[in-house]
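First the structure, in the form of structure tokens, and then the observations on it.
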Amino acid sequence: MNQDKRILNNIKKHLSNLKLNRNQRYEGYLEIVKKDGMKIKHLNLNRILSKDQVNKIYIEAVKQNGMALEYIKNQTEEICLEAVKQEGEALEFVHTQTEEICLMAVKQNCRALIYVKNQTEEMCINAIRENEWIFEDIKEKTEKICIELIIKDPYKLMYIENQTEEICLWAILIRPDTFKYVRTQTERLCLIAVTRNINLLKYVKNQTEEICRYVLKKDKCSIIYIKDKERYLEEFDIRYLKGEKPIKEVIAIKEGGRWLFTIGCQNNITKEKFIYRIYNTGGGFNLEKGINVHRQIYLDFLKGF
């Protein structure tokens, strides 16, 4: 017998010896559960008190600690509501779940959703708004629920199995780089993605003319992400040197009457700076001494400008 039970037995024996009437006993038990609701498990109330008094003691017990509901056999909706209001996860011990009880439980503690037998869309949305990780415990993941998840954290798109265009659209509008997690790329989604961030072209599987032309009009250097580069070089006055290790690809674009070059992390540098870097960075260049001989290809490419 644990200490709590021993103390309570002594209290009950003491109350019995005092020959208290029903109301006095009621007040005594009421004070006990107000201090510690879990002590309800040691109290035998039904033989001594009226039904109304017992219910009031139960209510006070769960108000103090909602988890005391586990030890209450004769549950009413009022008792259950008070229990989940104090601790949502007390829903685990509710014998008859109503929508009101479940909503209250999830509102108090979103983790209570795992104990809901009949999950409604409203409950699930409320739970996600509190904690998006509860999504995995939702039984029926509707489009509306998924959109709420995306609003909370757009990067959760990667965990959504049934991705609709609308769900993906919300993710892209909030965080464009989530486009890389879109499983079914529609032309609409691709266009919206590249309008938000032209660098996302590299993730577009079906690069249509409309998409490529839009991106190139914004930034000709985006040619680097286009698979069929040759198709657009003349149209946009772009020249391109294909890269193959150790040679890096080079993009040349004409801006304001002069050619600018992009190679590696160097963007839009002049021809003069490009030549300077060939001879003076990364060990330099010397064909006779065999130093970075591959850089001759860059010099040959630059002869055309």
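When you line the sequence shown up against numbering that gives the first Met the number 0, it's residues 0 to 304, in that order.
Ideal Cβ placement from N, Cα and C applies to all residues, glycine included.
Spell out the partners DSSP gives GLN265 in its beta bridges. Within the sequence shown, residue 265 is the residue found at index 266, counting from 1. In the DSSP output, where bridge partners are listed per residue, GLN265 has ILE262.
If contacts are defined as beta-carbon pairs under 8 Å, then VAL203 and CYS189 qualify, I think. What distance do you get, rounded to the angstrom? As a working mapping, residue 203 is identified with position 204 in the sequence shown. As a working mapping, residue 189 is identified with position 190 in the sequence shown. So it is a contact: roughly 5 Å between Cβ atoms.
Quick one: measure Cβ to Cβ for ILE100 and CYS123, integer angstroms, because I've assumed they're closer than 8 Å. For the purposes of this step, residue 100 is taken as residue 101 along the sequence shown, with counting starting at 1. For the purposes of this step, residue 123 is taken as residue 124 along the sequence shown, with counting starting at 1. So it is not a contact: roughly 16 Å between Cβ atoms.
Coarse secondary structure for LYS219, derived from DSSP in three states: If you number the sequence shown from 1, residue 219 lands on position 220. Helix.
Does the Cβ-Cβ distance between LEU42 and ARG24 come in under 8 Å? Position 43 of the sequence shown, counted from the first residue, corresponds to residue 42. Position 25 of the sequence shown, counted from the first residue, corresponds to residue 24. Not closer than 8 Å, so no.
Using DSSP with H/G/I as helix, E/B as strand and the rest coil, what is LEU172? Walking along the sequence shown from the start, residue 172 turns up at place 173. The answer is helix: DSSP assigns LEU172 an H, G or I state.
With distances taken from CA atoms, which of GLU165, LEU301, LYS40, LYS62 is nearest LYS33? Taking the sequence shown and counting its residues from 1, the one referred to as residue 33 is at position 34. The residue with the shortest Cα to Cα distance from LYS33 is LYS62.
Quick one: residues in its chain with C-beta nearer than 7 Å to the C-beta of ARG182, no 5 flanking neighbours on either side, listed in chain order? One-based indexing of the sequence shown puts residue 182 at position 183. For ARG182, where only same-chain residues beyond five positions count, the Cβ hits under 7 Å are GLN162.
On the criterion of 16 or more Cβ atoms from any shown chain inside 10 Å, does GLN295 qualify as buried, or is it exposed? Locating residue 295 in the sequence shown gives position 296, where the first residue counts as 1. Burial call: exposed.
Can you check DSSP and say which residues form a bridge with ASN285? If you number the sequence shown from 1, residue 285 lands on position 286. In the DSSP output, where bridge partners are listed per residue, ASN285 has ILE290.
To the nearest angstrom, how far is it from the Cα of VAL53 to the Cα of VAL115? In the sequence shown, residue 53 corresponds to position 54, counting from 1. In the sequence shown, residue 115 corresponds to position 116, counting from 1. Near 27 Å, if we compare the C-alpha coordinates of VAL115 and VAL53.
Given a cut-off of 8 Å on the beta-carbon distance, is the pair LEU200 and ILE225 in contact? In the sequence shown, residue 200 corresponds to position 201, counting from 1. In the sequence shown, residue 225 corresponds to position 226, counting from 1. A contact, by the Cβ cut-off of 8 Å.
Would you decide whether GLU86 is buried or exposed? Buried here means 16 or more other CB atoms lie within 10 Å of its CB. Within the sequence shown, residue 86 is the residue found at index 87, counting from 1. So GLU86 counts as buried.
How far does the alpha helix (DSSP H) with GLU147 in it extend, from its first residue to its last? For this step, residue 147 is matched to residue 148 along the sequence shown. Unbroken alpha helix (DSSP H) run through GLU147: 142 to 151.
ARG257 bridges to which residues according to DSSP? The residue labelled residue 257 in the question sits at position 258 within the sequence shown. In the DSSP output, where bridge partners are listed per residue, ARG257 has GLU254.
Which residue wins for smallest C-alpha separation from GLY263, given the options GLU254, LYS253, THR185, ARG276? On the sequence shown, residue 263 is found 264 positions in, with the first residue counted as 1. Of all alpha-carbon atoms in GLU254, LYS253, THR185, ARG276, the one lying nearest the alpha-carbon of GLY263 is that of ARG276.
Run the CB neighbour count on PRO153, radius 10 Å, all protein chains shown included, and call it buried at 16 or more, exposed below. The count along the sequence shown starts at 1 and reaches residue 153 at position 154. Result: buried.
Cutting at 6 Å between CB atoms, please list the residues of its own chain near PHE273, excluding the five before and the five after it. Taking the first residue of the sequence shown as 1, we reach residue 273 at position 274. The residues are PHE260.
Is GLU139 helix, strand or coil when you go by DSSP? As a first step, residue 139 must be located in the sequence shown, where it is residue number 140. Note: GLU139 maps to coil in three-state DSSP.
To the nearest angstrom, how far is it from the Cα of ASP51 to the Cα of VAL93? As a first step, residue 51 is located in the sequence shown; it is residue number 52 there, counting from the start. As a first step, residue 93 is located in the sequence shown; it is residue number 94 there, counting from the start. So the two alpha carbons sit approximately 20 Å from each other.
Quick check on the DSSP output: the alpha helix (DSSP H) that includes TYR25 runs from which residue to which? Translated into the one-based positions of the sequence shown, residue 25 becomes position 26. From DSSP, the alpha helix (DSSP H) with TYR25 extends over 21 to 34.
Would you kindly work out how many angstroms separate the C-alpha atoms of LEU102 and GLU120, rounded to a whole number? If you number the sequence shown from 1, residue 102 lands on position 103. If you number the sequence shown from 1, residue 120 lands on position 121. Going from the Cα of LEU102 to the Cα of GLU120 covers about 11 Å.
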